[in-house]
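Chains as they are written, first to last, in our numbering: chain A, 3 to 361; chain B, 61 to 345. Only one structure is covered here, and it is reproduced in the block below.
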């Protein structure tokens, strides 16, 4: 394997380019007990349950399809406006609108299974018991490859305190899900970056049995409309996503990889290109999710996969696995050359340069 | 089924306060029906503006000299549309479309009234042509704040048997709102159907006037959206379904065309308590 860290390629891979053939790189990646054919997934809340994106590319070509967080009951979400565009990002306040787990299993998961996609079902609840019930419902479901637990939800039993902001609460949810979830299906905890020390939450989740971690959820943000002079979102605050948060996400992946070297990580936060995906992988992610970018470019996940394969090949990688966490290796130390031991002469004193006479 | 294409700007021209942009977009024209919209990437591939801008499709040509084209009308509102207004022929533009559900056409030759507010008339003009070709009599009501914000007046005059024009400032047609002239026109032309596109307040008024007369009314709504393809859940509004239950539905895939009397206009911008999956309802359980 040769590393060429100075490679700077403008990636212009296009799906419409019929002659494009993905370079021969082993793209498989292991998340817990499951091996996925490649490391590019959709992100929860940015791909619904795959059907809409399947109009633009074959959804089963992705490593996995992470579905929008599903709750026990149907939910109407928050009032509009639910969205505000921000520099290189967006703020959303949807409020987990969805059909409820039963309708989801019957329609959405069944469709994904029939389509041959690997579904990563994201679940969300208002209490530990909600999460346990949701995990129980997932037993024996075809097409289910993995469970992602969205713990960035207010705990109705603890004055609306968000689970993901407290190590104990996070651990209780993960423990409950692990007890109820079908065996052989990895359970990943999706963590919020809005904490003082993300590694403390990560360690609590892994201690409670999480098979891996999804990093990161949105950051809490706010926009005020200067015409109405009121908050731009109906829900007042919202989750910030998109390339604006990428450095935060990369930092979280880096810190968690350092603290927990052996725990699988699904990384996400503003991935727009194959090089962005590679950045997460080098920081320690075993796979990545393409989220907000999909809103502006519905074929982005498959493009990112193509670009990532090219980027890996260009750098001499034979597999994704070789690149995971590689940025953690010690820097190459530049050793200054020893003065030539042969010859005892003093170096000649430097002569000042001479210049031509002015004409 | 929508397509994503790297299009090329064929022309851009000013029409009053608006811009009309024609883009060579292979594969899109033949799929487009009146009421469909197109979502346009702004700022280029490295843009800090991540979200597409959605515009009703005005005109399509399946076989132009340069291939199929789509044309849409827009007004400069912010950075995204300002960027779009600076595009010139041969510039590249990433389009996704046609999106949404188009207007439904009557099976028989009936009397139709089309109501457009501002450049909301853009999708109504191809609809009018289609209705006329089916033997329908078409009446138009066009309204805007001022004369330069009226769109398609000449085309409408050519297609329609009746036309009324209103402006808020009286700079063209009658001073007032479309709702001031609509009742009389509906009665005079014995309208069987109404189609409307424009600001939400106008759609609400048109729906009320049509409903009073028992005339079915289809409206194309304007809701701000992030994706246009049904994945982001930002463009929802409360709409009553066939089962009588209200749901927060996506205007991009279940709309933008709705039956006017199914939209709960009073509750747009809120989540009514009786909506399916209401948080208030769940808290009560």
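The C-beta atom is built at its ideal place from N, Cα and C for all residues, glycine as well. On a predicted model such as this, the values are computed, not experimentally measured, just so you know.
Whose C-alpha, out of the options, is nearest the C-alpha of residue i?
{"i": "residue 24 (chain A)", "options": "A:307, A:326, A:214", "result": "A:307"}
{"i": "residue 61 (chain B)", "options": "B:83, B:92, B:86", "result": "B:92"}
{"i": "residue 78 (chain A)", "options": "B:326, B:310, B:314, B:258", "result": "B:310"}
{"i": "residue 174 (chain B)", "options": "B:160, B:167, B:182", "result": "B:182"}
{"i": "residue 321 (chain B)", "options": "B:126, B:152, B:279, B:134", "result": "B:279"}
{"i": "residue 337 (chain B)", "options": "A:173, A:352, A:72", "result": "A:72"}
{"i": "residue 317 (chain B)", "options": "B:160, B:123, B:146", "result": "B:160"}
{"i": "residue 84 (chain B)", "options": "B:122, B:237, B:108", "result": "B:122"}
{"i": "residue 285 (chain A)", "options": "A:83, A:331, A:92, A:355", "result": "A:331"}
{"i": "residue 169 (chain B)", "options": "B:284, B:252, B:102", "result": "B:252"}
{"i": "residue 115 (chain B)", "options": "B:218, B:132, B:109", "result": "B:132"}
{"i": "residue 250 (chain A)", "options": "A:59, A:220, A:358, A:180", "result": "A:220"}
{"i": "residue 178 (chain B)", "options": "B:120, B:198, B:259", "result": "B:259"}
{"i": "residue 53 (chain A)", "options": "A:41, A:43, A:67", "result": "A:67"}
{"i": "residue 125 (chain A)", "options": "A:282, A:70, A:233", "result": "A:70"}
{"i": "residue 41 (chain A)", "options": "A:161, A:188, A:283", "result": "A:283"}
Which residue comes first and which comes last in the alpha helix (DSSP H) that contains residue i?
{"i": "residue 282 (chain A)", "result": "276 to 285"}
{"i": "residue 140 (chain B)", "result": "139 to 145"}
{"i": "residue 298 (chain A)", "result": "295 to 298"}
{"i": "residue 356 (chain A)", "result": "First-last for residue 356 (chain A): undefined, no H or E at that position."}
{"i": "residue 190 (chain B)", "result": "184 to 193"}
{"i": "residue 155 (chain B)", "result": "Segment 152 to 159 is the beta strand (DSSP E) holding residue 155 (chain B); no alpha helix (DSSP H) there."}
{"i": "residue 136 (chain B)", "result": "Looking at the DSSP string, residue 136 (chain B) is not in any alpha helix (DSSP H), and its letter there is neither H nor E."}
{"i": "residue 335 (chain B)", "result": "Segment: none, residue 335 (chain B) is in no alpha helix (DSSP H) and carries neither H nor E."}
{"i": "residue 251 (chain A)", "result": "248 to 261"}
Just the Cα atoms here: how many angstroms apart are residue i and residue j?
{"i": "residue 102 (chain A)", "j": "residue 110 (chain A)", "result": "11 angstroms"}
{"i": "residue 274 (chain A)", "j": "residue 74 (chain B)", "result": "34 angstroms"}
{"i": "residue 96 (chain A)", "j": "residue 238 (chain A)", "result": "11 angstroms"}
{"i": "residue 150 (chain A)", "j": "residue 121 (chain A)", "result": "10 angstroms"}
{"i": "residue 142 (chain A)", "j": "residue 226 (chain A)", "result": "46 angstroms"}
{"i": "residue 343 (chain B)", "j": "residue 163 (chain A)", "result": "Because the pLDDT of residue 343 (chain B) is 48, which lies under 50, any placement of that residue in the model is unreliable, and the number read from its coordinates should be weighed accordingly. About 17 angstroms."}
{"i": "residue 313 (chain B)", "j": "residue 112 (chain B)", "result": "15 angstroms"}
{"i": "residue 322 (chain A)", "j": "residue 38 (chain A)", "result": "12 angstroms"}
{"i": "residue 165 (chain A)", "j": "residue 153 (chain A)", "result": "5 angstroms"}
{"i": "residue 223 (chain B)", "j": "residue 326 (chain B)", "result": "29 angstroms"}
{"i": "residue 249 (chain B)", "j": "residue 315 (chain B)", "result": "28 angstroms"}
{"i": "residue 119 (chain B)", "j": "residue 128 (chain B)", "result": "11 angstroms"}
{"i": "residue 255 (chain A)", "j": "residue 217 (chain A)", "result": "6 angstroms"}
{"i": "residue 300 (chain B)", "j": "residue 293 (chain B)", "result": "17 angstroms"}
{"i": "residue 325 (chain A)", "j": "residue 189 (chain A)", "result": "24 angstroms"}
{"i": "residue 176 (chain B)", "j": "residue 114 (chain A)", "result": "41 angstroms"}
{"i": "residue 12 (chain A)", "j": "residue 310 (chain A)", "result": "For residue 12 (chain A), the pLDDT reaches just 40, beneath the cut-off of 50, and the residue's location in the model is therefore unreliable, leaving the point undetermined."}
For the beta strand (DSSP E) holding residue i, just list the boundary residues, first then last.
{"i": "residue 180 (chain A)", "result": "Looking at the DSSP string, residue 180 (chain A) is not in any beta strand (DSSP E); the run it does join, the alpha helix (DSSP H), is 169 to 182."}
{"i": "residue 303 (chain A)", "result": "Unbroken run through residue 303 (chain A) is the alpha helix (DSSP H), 302 to 316; no beta strand (DSSP E)."}
{"i": "residue 224 (chain A)", "result": "221 to 224"}
{"i": "residue 64 (chain B)", "result": "63 to 75"}
{"i": "residue 193 (chain A)", "result": "189 to 193"}
{"i": "residue 228 (chain A)", "result": "Looking at the DSSP string, residue 228 (chain A) is not in any beta strand (DSSP E), and its letter there is neither H nor E."}
{"i": "residue 298 (chain B)", "result": "296 to 300"}
{"i": "residue 219 (chain B)", "result": "Residue 219 (chain B) -> not in any beta strand (DSSP E); alpha helix (DSSP H) instead, spanning 213 to 219."}
{"i": "residue 224 (chain B)", "result": "222 to 227"}
{"i": "residue 239 (chain B)", "result": "Element bounds for residue 239 (chain B): not the beta strand (DSSP E) but the alpha helix (DSSP H), 238 to 248."}
{"i": "residue 267 (chain A)", "result": "267 to 270"}
Are residue i and residue j close, meaning C-beta to C-beta below 8 angstroms?
{"i": "residue 155 (chain A)", "j": "residue 176 (chain A)", "result": "no"}
{"i": "residue 291 (chain A)", "j": "residue 262 (chain A)", "result": "no"}
{"i": "residue 276 (chain A)", "j": "residue 294 (chain A)", "result": "no"}
{"i": "residue 163 (chain B)", "j": "residue 255 (chain B)", "result": "yes"}
{"i": "residue 226 (chain B)", "j": "residue 205 (chain B)", "result": "no"}
{"i": "residue 57 (chain B)", "j": "residue 90 (chain A)", "result": "Lying outside 61 to 345, the shown extent of chain B, residue 57 (chain B) is not represented and no answer is given."}
{"i": "residue 188 (chain B)", "j": "residue 130 (chain B)", "result": "no"}
{"i": "residue 266 (chain A)", "j": "residue 55 (chain A)", "result": "no"}
{"i": "residue 296 (chain B)", "j": "residue 308 (chain B)", "result": "yes"}
{"i": "residue 107 (chain A)", "j": "residue 135 (chain A)", "result": "no"}
{"i": "residue 192 (chain B)", "j": "residue 198 (chain B)", "result": "yes"}
{"i": "residue 289 (chain A)", "j": "residue 145 (chain A)", "result": "no"}
{"i": "residue 136 (chain B)", "j": "residue 145 (chain B)", "result": "yes"}
{"i": "residue 93 (chain A)", "j": "residue 223 (chain A)", "result": "yes"}
{"i": "residue 184 (chain B)", "j": "residue 277 (chain B)", "result": "no"}
{"i": "residue 117 (chain A)", "j": "residue 236 (chain A)", "result": "no"}
{"i": "residue 69 (chain B)", "j": "residue 81 (chain B)", "result": "yes"}
{"i": "residue 157 (chain A)", "j": "residue 194 (chain A)", "result": "no"}
{"i": "residue 172 (chain B)", "j": "residue 196 (chain B)", "result": "yes"}
Margin query: If we require 3 or more residues per run, which beta strand (DSSP E) segments fall completely within the segment 256 to 286 of chain B?
Written below: Counting whole runs of 3 or more residues, the segment 256 to 286 of chain B contains the beta strand (DSSP E) stretches 277 to 280.
Next item on the list: Could I get the ranges of all uninterrupted beta strand (DSSP E) runs contained in the segment 130 to 172 of chain A, with 3 residues as the minimum, in chain order?
Entry: For the segment 130 to 172 of chain A, whole beta strand (DSSP E) runs of length 3 or above, ordered along the chain, are 146 to 152.
Item checked: Whole beta strand (DSSP E) elements within the segment 69 to 118 of chain A, 3-residue minimum -> Within the segment 69 to 118 of chain A, the runs of beta strand (DSSP E) that reach at least 3 residues and sit entirely inside it are, in chain order, 85 to 88, 91 to 94.
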